[in-house]
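A.B. asks:
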Amino acid sequence: MFEARLPQAAVLKKLVEALKELVTEGNFDVSPSGISLQAMDSSHVCLVTLQLNDDGFEHFRCDRNMSMGIHFGNLSKILKCAGNEDTITLKAEDNADQLTLMFESANQDRISDFDLKLMSIESEHLGIPDQDYSAEVKMPSAEYQRIVRDLTSMGDTVLVSATKEGIKFSTSGDIGTANITLRHNTTPEKEDEQTHIDLKEPVALTFALRYLNNFAKATPLTPQVKLSLTKDLPVVVEYKVGELGQVRFFLAPKIDD
Amino acid sequence: MKQKSIGAFFSGA
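So the sequence lines, in the order shown, correspond to chains A and B.
When the letters of the first sequence are read in order and numbered with our numbering, they come out as residues 389 to 645.
When the letters of the second sequence are read in order and numbered with our numbering, they come out as residues 13 to 25.
1) In whole angstroms, what is the alpha-carbon distance linking P576/A and Q582/A?
2) Buried or exposed: which applies to C450/A, given that a residue is buried once 16 or more other Cβ atoms fall within 10 Å of its Cβ?
3) Taking 8 Å as the threshold (beta carbon to beta carbon), is G564/A in contact with chain B?
4) Give me, in chain order, the residues of the same chain whose beta-carbon lies closer than 8 Å to that of A385/A; leave out the 5 immediate sequence neighbours on both sides.
5) Give the C-beta separation of N483/A and M456/A to the nearest angstrom, bearing in mind that I take them to be a contact with Cβ-Cβ under 8 Å.
6) Would you be able to state if there are at least three C-beta pairs under 8 Å between the stretch 435–442 of chain A and the stretch 632–639 of chain A?
7) Measuring only the C-alpha atoms, how far is S17/B from H513/A?
8) Return helix, strand or coil for V411/A, following the three-state DSSP convention.
9) Between the C-alpha atoms of S493/A and N602/A, what's the straight-line distance to the nearest angstrom?
10) In chain order, which beta strand (DSSP E) runs of at least 3 residues are fully inside the stretch 548–633 of chain A?
11) Can you find at least 3 beta carbon pairs, one from the stretch 532–542 of chain A and one from the stretch 556–572 of chain A, that sit closer than 8 Å?
12) Just the Cα atoms here: how many angstroms apart are L478/A and M490/A?
13) In chain order, what residues of the same chain have a beta carbon less than 6 Å from the beta carbon of Y627/A, not counting five sequence neighbours either side?
If you want it as structure tokens, here you go:
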């Protein structure tokens with residue numbers, strides 16, 4: 389059987405809210421080492437990967453590897469019934485056709501359980517190599533959210549260029565152009581408010597703003613986001629989920645015809 | 013500008 393317990397439902401609620409518009413459905417692959425997910429958006433230009441490690445859970449048991457096909461809109465409906473501070477337990481028998489979600493209030497005076505019907509989803513598993521990136525930028529996630537939101541009012545695509553001057557986001561559209569540059573900045577006392585630019589070589593790539601905006605739905609998960617860039621490769625936008633794991637969004641760059 | 017499928021960048025396992 390599979391059983392995983394998290395002390396705060398809020399984490400799972402935020403994760404599913406971050407994913408559900410981009411990917412309508414996907415397989416939660418559970419194994420003794422945790423829960424993982426790979427799913428593409430409907431246009432197949434971006435990929436979402438999620439890794440939640442077994443030791444990040446309060447309790448984790450998985451006797452047998454399983455793929456649980458989840459409709460994220462439906463999972464979201466159920467998670468809306470959980471209080472943020474509720475303890476949440478996910479349970480499934482081996483080869484089950486449903487996932488049970490149990491919510492317990494902090495003082496354990498309210499216990500509810502919901503069964504989510506599982507789906508059979510055919511999905512191709514992609515091998516994502518570990519690699520060195522030309523530029524890795526860590527910045528406040530709220531800053532990233534603001535930049536991509538602000539630029540969306542001006543254009544459809546953004547040129548992201550990392551140089552020793554900083555990371556610059558540029559767009560243009562019918563009403564004009566916009567450039568926003570963030571510099572390496574370790575002045576703020578709080579590490580969460582700092583911007584770190586780790587540059588091996590300058591790099592510039594163009595992306596669809598619509599997707600970068602969508603990734604920002606993960607902002608409530610964590611105060612920092614990491615962007616990894618290499619020429620001609622997908623950008624990786626990564627949000628860590630405390631000690632539990634991380635969600636990563638990969639977006640293919642736009643290239644000249 | 014054009015955009016490749018994300019699958020084109022990663023190998024199928």
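The C-beta atom is built at its ideal place from N, Cα and C for all residues, glycine as well.
C.D. replies: With the structure as the only source:
1) Computed Cα separation, rounded: 6 Å.
2) Only buried fits C450/A, as 16 or more other CB atoms lie within 10 angstroms of its CB.
3) Not closer than 8 Å to any Cβ of chain B, the Cβ of G564/A fails to qualify, so no.
4) Because chain A is modelled from 389 through 645, residue 385/A falls outside the range shown and cannot be assessed.
5) That pair is no contact at about 10 Å.
6) At 8 Å Cβ cutoff, the stretches touch.
7) Roughly 14 Å between the two C-alpha positions.
8) Residue state, collapsed to three classes: coil.
9) Each residue's alpha carbon lies about 31 Å from the other.
10) The qualifying runs are 554–561, 564–570, 584–587, 591–596, 612–617, 623–629.
11) A contact exists between the stretch 532–542 of chain A and the stretch 556–572 of chain A.
12) CA-CA distance, L478/A to M490/A, rounds to 7 Å.
13) Result list for Y627/A: A606, L609, T610, V613, V635, in chain order.
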